[in-house]
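Q: This is the structure I have questions about; it appears just below.
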Amino acid sequence: MKKKLNILIAFAMVLMLSSYGQEKYNIVQKGGDGMAPRAIDFDAAQNGAKKSSFSSPEIFMSEHFDKVPGQGVIISEVVKDELGFTHYRLQQSINGIPVESSMYLIHVKNGQVTSANGEWFTATPAKSFAKSSTLSSAQALQKAKDVIKAKQYVWEARAPRANNKTFRGEKVSSEGELVYITKNNAMNANALRLAYKFDMYSVEPFGRKEVFVDASNGEILFIEEKIHHVDGTTDTGYYGPQNITVTQNGGRYEMRQSGDRKLALYDMQGAQLQVNATGTAILEPTNTRSIYSSQTKDFRIGGEQNHRTAAYWGAEKTWDMFKNEFNRSSYDNRGSNINIYVNGAGRYGDDNAFWSGTWMYYGNTRQLQGTPVTALDVVGHEMVHGVTQESGAMVYQGESGALNESYSDMFGSLVEYYTFNKVVDAKVWKLADKHPDPRLKRDLSNPKQHNQPDTYRGTNWVSTAQGSADNGGVHTNSGVMNHWFYIVSQGAKGSNDNGTAYDVEGIGIEKAGKIAYRSLTNYLTRSSKYADARNAVINAAKDLYGANSCEIKVVTNAMNAVGVGAKFTGNANCDGGGGDCSAVSGVAASNITKNGATINWNAVTGISTYTFEYKKAADASYTTSSVTGTSKTLDGLTVDTAYEVRLKYACTNGETAPYSTVIRFTTATDGGGGDCNAVTGVNSSNITINSATVSWTGISGVSNYTFEYKKAADASYTTSTVSGATTNLTGLAANTKYEARVKYTCSTDGGTDPCAGVPAYQAGNPYQVGDKVTYQGYLYEKTATSWKNLGQCGTTGGNQIDAPYSAVISFTTLEDTNGNNCDTIPEYQPGNTYSIGDKVKYFGTIYELTARGWIVIGSCDSAFFASAFGSNLNNATGFNVYPNPASKDLNISFKSLDNVSQIRIVNILGKVVYNKEVKSTLGNNTIKVDVSGLNPGIYFVKRGNQDVKKVIIK
Ligand SMILES: [Zn+2]
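The sequence shown maps to residues -21 to -1, 1 to 933 in mature numbering (1 follows the signal peptide of the UniProt record, and there is no 0).
Here it is in structure tokens:
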């Protein structure tokens, strides 16, 4: 009776639930045929009445979803988090056999279920799956071997007795495990089959795949890749000396630690990855390893080894990031030891890096002419595969595989950020940017840069079908989620491949990371696709920041921006009235000189003052200043030096915006095009009544100068272009003060030579897409079909700017005491009456009427005198006579290279009236000659045969 009564009550409950069940939750996303909704929630704003008190996972599942016959609920994980949530991770079983394709998560807070999501079968697909196998495990194994085609498997490589064994906690076996799985991982009940699951861990060739064989007809239902290859590296040994933790062992130190971190680095010393020294195949290369050790705690290993030990340092940094930022201990959150192997050889040991399930391997990449693939972002990437394996465990195929890859990329970027001074620069978003293999390159800020899609099913999206390349494009379609992460962090504005316009605020990489981590560890499931990832990140943002938070708006709109789902429609507000708290964008350097630059950036609405920070790229700390406006001019910078700049600001909601992407510029170099300093050494010489020479110190690499002169009394300069460092001025006014100055156009190295470091094209080389070469002075990039011309080599793109003016010099032309300015002197007229002092021109010679009659005082043609004296009257550099006119003491100054100078005074008729050798010294000399005994008239003072000056004796 009692039993009958229970059945009746249960029956009544079923009736009640079937009447009201559909109203007990909101369906966020429907499930496939015969499956529970992929996502439901209970606290949507539009219907706060929907609640579900929680007592147990089993009761929740049976109360809310139809039950398939023979169903069991396996609780595979219970996690309590710091926000007060408890997350139950469930797996379904049918007839006691686990359903491989099922995973459901229930999220509970304060005794209420907030949401649930995953894959769960609710209908019995009567005809589509068997309850017991018809094939034996051995028969099914042969089917699996037929597709893997390995020469040797793990269980074959060991002693024949061991058909079941355990390696470092991992069970490996040739026995198939009976599971239910859907064909090709299709999430509908009609595809559900009973299958054998084989761990096809092979030694030759090295590989590991799970193969699911239909237990009735031997059909291969699904193959999942278990080895996750590298897909990112940067310069690894290039981080320079870094602190690591090592262990003292006797008199030596070893690269291992077992405290807060449990890591060890082993050198395979060139051994084949999959075979030990005696030729016996192994799993983890325990027989060929040697721990990295040193006689001192400072490991000065040198050469390529430095790159290998970078894996150890990178693992520390990644471990620390998960511990410090996400409160996760090791990949499995149980603090498990991670062994790292480097320097293996052979087909599978060279061009390779991967997470094995419990250990990591990094090859030398000799086949790619590279360095060991131990860059920080690679190590981070691989360790995150371990985190993923222990949480969402997204199937490494198609969309779920792309998400699996993307989460590794995202955390690869994050570990760079947390390690390198928490700076978001362009490098943070780039993975493998210096690796020669273009297939490894990623750019989260611009996935299309490396042929990844930035829009769901947009340009560059590749087939996700079972059997298509790269496990259904896991390393390609990851670009969509990668770009979502970038947009959430930095914000973005534009339109995607679908033409959807977006304008998303950024919330910074740290919040983006927290949301990503929570989505990975609490919401994603084995078969999650992009639509599920959208739900996952929205749930994570809601948990962390609230249903009406800016963050939930940003993650939703960023998903919309990459083509996944609709825009956010709630009330969340990001800006709080001024400044949306997204990072400053459009930061750029211009007017770059040897010691200055101008930085501009886009204005943030409502923000007028920014925190401006700059430093030498090589320095650790920034110089900070407050700037009003959107521009800052830097001066006093060091020549030919890389600088970095970033900005942030205080948002009006009281928070601080994330830093802008760090930009880098290099000040101009010395030589070749002028140093942009002012011309020096400007001097006047050869000053006559109407001419002068101005010269200056030439600048290396500069041939043309802008020369300017004017009368001192005038306002504006006369400008001319002068080749060389000297110019002769003619047509000047006599006895007039002139001013002159010089400048030039200098060429700065605003850009760098795009061809620097790029190899020349070599005919016959097997180039790959993305390879760059130089050819006949141009830069080319290999495309799928040809070579693309990327432009000319060289640094001609530098800025052309004016150097400052030289100091202004002044000089005064000689007084026209001779009156030999022919323009102002009338021609002699025979009939005229002249007075004493009158001057006339007569056949090119100038005469003055004196008491003694007409005397020659000059010539309209200075060449007349030049020829007469065998030298050029206007070519008396540094030679001067004064006063002029003179009556007694005539000073003669000159520059001399000789110990003796001959000074002569010659009258207008060519008669020498004074002739003396005087002692002179190197440089400036002045001698004094008494001319009071000479008759008044015109004389010429000569020094040697070079210098001639005209002088009037009164
Ligand atoms: Zn990967």
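Think of the CB as a built atom: it goes at the ideal place given N, C-alpha and C, for glycine as much as any other residue.
What residues match up with Asp404 in a beta bridge as DSSP calls it?
A: Here residue 404 refers to the residue found at position 425 when the sequence shown is read from its first residue. According to DSSP, Asp404 bridges with Val641.
Q: Quick one: is Ile73 buried, meaning 16 or more other Cβ sit within 10 Å of its Cβ, or exposed?
A: On the sequence shown, position 94 is the one that residue 73 refers to. Buried: at least 16 other Cβ atoms inside 10 Å.
Q: For Arg172, which three-state DSSP category applies?
A: Counting from one through the sequence shown, the residue named residue 172 turns up at place 193. Strand at Arg172.
Q: Whose C-alpha, out of Thr753, Gly155 and Asn744, is nearest the C-alpha of Ile734?
A: What you label residue 734 is simply residue 755 of the sequence shown in a count that begins at 1. Looking at the sequence shown, residue 734 is not Ile but Cys. Among Thr753, Gly155 and Asn744, the Cα nearest to that of Cys734 belongs to Thr753.
Q: Following a CB-centred definition, is His360 positioned closer than 7 Å to any heavy atom of ligand 1?
A: Residue 360 sits at position 381 when you count from the first residue of the sequence shown. Yes, ligand 1 has a heavy atom inside 7 Å of this Cβ.
Q: Using the Cα positions of residue 937 and Ala381, report the straight-line distance between them to the nearest angstrom.
A: Absent from the model: residue 937. The displayed extent of the chain is -21 to 933, so no value can be given.
Q: Look at the Cβ atom of Met247, then the Cβ atom of Val321, and state whether they are nearer than 8 Å.
A: For the purposes of this step, residue 247 is identified with residue 268 of the sequence shown, where counting begins at 1. For the purposes of this step, residue 321 is identified with residue 342 of the sequence shown, where counting begins at 1. Yes. Within cutoff.
Q: For ligand 1, is there any heavy atom lying closer than 7 Å to the beta carbon of Ser387?
A: As a first step, residue 387 is located in the sequence shown; it is residue number 408 there, counting from the start. Yes - ligand 1 has a heavy atom lying nearer than 7 Å to the Cβ of Ser387.
Q: Using CA atoms only, rank isn't needed, just tell me which of Ala692, Asn669, Gly710 and Ala719 is closest to Tyr684.
A: In the sequence shown, counting from the first residue as 1, residue 684 sits at position 705. Taking only the C-alpha atoms, the option nearest Tyr684 is Ala719.
Q: Excluding five sequence neighbours on each side, which residues of the same chain lie with their C-beta closer than 6 Å to the C-beta of Thr65?
A: For the purposes of this step, residue 65 is identified with residue 86 of the sequence shown, where counting begins at 1. Cβ within range, chain order: Lys59 and Val87.
Q: Output needed for Gly(-1): all residues of its chain with C-beta closer than 7 Å, excluding positions within five of it in sequence on either side, in chain order.
A: In the sequence shown, the residue the question calls residue -1 occupies position 21. Model confidence at Gly(-1) stands at a pLDDT of 42, short of 50, so the residue's coordinates are unreliable; what they give is reported in the following sentence. Around Gly(-1): His43.
Q: Evaluate the contact criterion for the segment 516 to 527 versus the segment 110 to 128: three or more CB pairs, one atom per stretch, below 8 Å.
A: No, the segment 516 to 527 is not in contact with the segment 110 to 128.
Q: In the DSSP assignment, what are the bridge partners of Cys630?
A: Residue 630 sits at position 651 when you count from the first residue of the sequence shown. None; Cys630 has no bridge partner.
Q: To which residues of the same chain is Lys493 closer than 7 Å at the C-beta, ignoring the five residues directly before and after it?
A: What you label residue 493 is simply residue 514 of the sequence shown in a count that begins at 1. Leu523.
Q: For Phe100, tell me which candidate among Gly912, Ser55, Met40 and Val57 has the shortest Cα-Cα distance.
A: Working through the sequence shown from its first residue, we reach residue 100 at position 121. Ranking the options by Cα distance to Phe100, first place goes to Met40.
Q: In terms of residue numbering, what span does the beta strand (DSSP E) encompassing Glu896 cover?
A: The sequence position of residue 896 within the sequence shown is 917, counting from 1. Its beta strand (DSSP E) spans residues Val891 to Lys898.
Q: Taking the CB atoms as reference points, tell me whether residue 940 and Met82 lie closer together than 8 Å.
A: Only positions -21 to 933 of the chain appear in the structure, and residue 940 is not among them; the question remains open.
Q: From Lys508 to Arg17, what does the alpha carbon distance come to, in whole angstroms?
A: Residue mapping note: residue 508 aligns to position 529 of the sequence shown, counting from 1. Residue mapping note: residue 17 aligns to position 38 of the sequence shown, counting from 1. Their backbone Cα atoms lie some 11 Å apart in a straight line.
Q: Just checking Glu378 against ligand 1 - is the residue's beta carbon closer than 7 Å to any of the ligand's heavy atoms?
A: One-based indexing of the sequence shown puts residue 378 at position 399. No.
Q: Near Ile53, what residues of its chain come up, given a Cβ to Cβ distance below 7 Å and the 5 sequence neighbours on each side ignored?
A: Numbered from 1 along the sequence shown, position 74 holds the residue referred to as residue 53. Taken in chain order, the residues that qualify are Leu69, Gln70, Ser72 and Pro77.
Q: Are Val910 and Ile871 closer than 8 Å when you measure CB to CB?
A: Working through the sequence shown from its first residue, we reach residue 910 at position 931. Working through the sequence shown from its first residue, we reach residue 871 at position 892. Cβ distance not < 8 Å, so Val910 and Ile871 don't count as in contact.
Q: Bridge partners for Trp338 per DSSP, in chain order?
A: For this step, residue 338 is matched to residue 359 along the sequence shown. Bridge partners of Trp338: Asn318.
Q: Keeping to the same chain, check which residues put their C-beta closer than 6 Å to that of Lys611; ignore five residues upstream and five downstream.
A: Your numbering for residue 611 matches position 632 in the sequence shown. Only Ile578 and Phe591 meet the Cβ criterion.
Q: Span of the beta strand (DSSP E) holding Glu489?
A: Numbered from its first residue, the sequence shown carries residue 489 at position 510. Where Glu489 is concerned, there is no enclosing beta strand (DSSP E), although the alpha helix (DSSP H) it sits in stretches over Ile488 to Arg497.
Q: Between the C-alpha atoms of Lys933 and Phe686, what's the straight-line distance to the nearest angstrom?
A: Position 954 of the sequence shown, counted from the start, is the residue given in the question as residue 933. Position 707 of the sequence shown, counted from the start, is the residue given in the question as residue 686. One C-alpha to the other measures close to 39 Å.
Q: What's the gap between the Cα of Ala646 and the Cα of Asp299?
A: Position 667 of the sequence shown, counted from the start, is the residue given in the question as residue 646. Position 320 of the sequence shown, counted from the start, is the residue given in the question as residue 299. Residue identity differs from the one stated: residue 646 is Thr in this sequence, not Ala. Going by the C-alpha atoms only, they are around 37 Å apart.
Q: Along the chain, where does the beta strand (DSSP E) containing Trp766 start, and where does it finish?
A: One-based indexing of the sequence shown puts residue 766 at position 787. Per DSSP, Trp766 belongs to the beta strand (DSSP E) from Trp766 to Gln771.
Q: Starting from the C-beta of Tyr746, find all residues in its chain whose C-beta is less than 8 Å away, skip the five residues before and the five after it, and write them out in chain order.
A: By one-based count along the sequence shown, residue 746 stands at place 767. Once the five neighbours on either side are set aside, the close Cβ partners of Tyr746 are Val752 and Lys761.
Q: Are the beta-carbon atoms belonging to Ser880 and Phe873 less than 8 Å from one another?
A: Within the sequence shown, numbered from 1, the residue matching residue 880 stands at position 901. Within the sequence shown, numbered from 1, the residue matching residue 873 stands at position 894. A contact, by the Cβ cut-off of 8 Å.
Q: Is His429 near ligand 1 - that is, is its Cβ less than 7 Å away from at least one heavy atom of it?
A: The residue given as residue 429 occupies position 450 in the sequence shown. No, since every heavy atom of ligand 1 falls outside the 7 Å radius drawn around the Cβ of His429.
Q: By the 10 Å Cβ neighbour count, where 16 or more other Cβ atoms means buried, how is Thr812 classified, buried or exposed?
A: The residue you call residue 812 lines up with position 833 of the sequence shown. Exposed, because fewer than 16 other Cβ atoms sit within 10 Å of the Cβ of Thr812.
Q: State the Cα-Cα distance for the pair Thr803 and Asp693, rounded to the nearest angstrom.
A: The residue given as residue 803 occupies position 824 in the sequence shown. The residue given as residue 693 occupies position 714 in the sequence shown. Thr803 and Asp693: Cα-Cα distance of roughly 22 Å.
Q: Below 8 Å, how does it come out for the segment 346 to 366 and the segment 434 to 446: are there three or more Cβ pairs, yes or no?
A: No, the segment 346 to 366 does not touch the segment 434 to 446.
Q: Using the DSSP secondary-structure output, state which residues sit across from Met538 in a beta bridge.
A: On the sequence shown, residue 538 is found 559 positions in, with the first residue counted as 1. Answer is none; Met538 lacks a bridge partner.
Q: Taking the straight line between their C-alpha atoms, what separation do you get for Val352 and Asn550?
A: Counting from 1 along the sequence shown, the entry for residue 352 is found at position 373. Counting from 1 along the sequence shown, the entry for residue 550 is found at position 571. Taking the straight line joining both Cα atoms gives about 46 Å.
Q: For Val891, count neighbouring C-beta atoms within 10 Å of its own C-beta (all shown protein chains included) and say buried if the count is 16 or more, exposed if not.
A: Within the sequence shown, residue 891 is the residue found at index 912, counting from 1. With fewer than 16 Cβ atoms within 10 Å of its Cβ, Val891 is classed as exposed.
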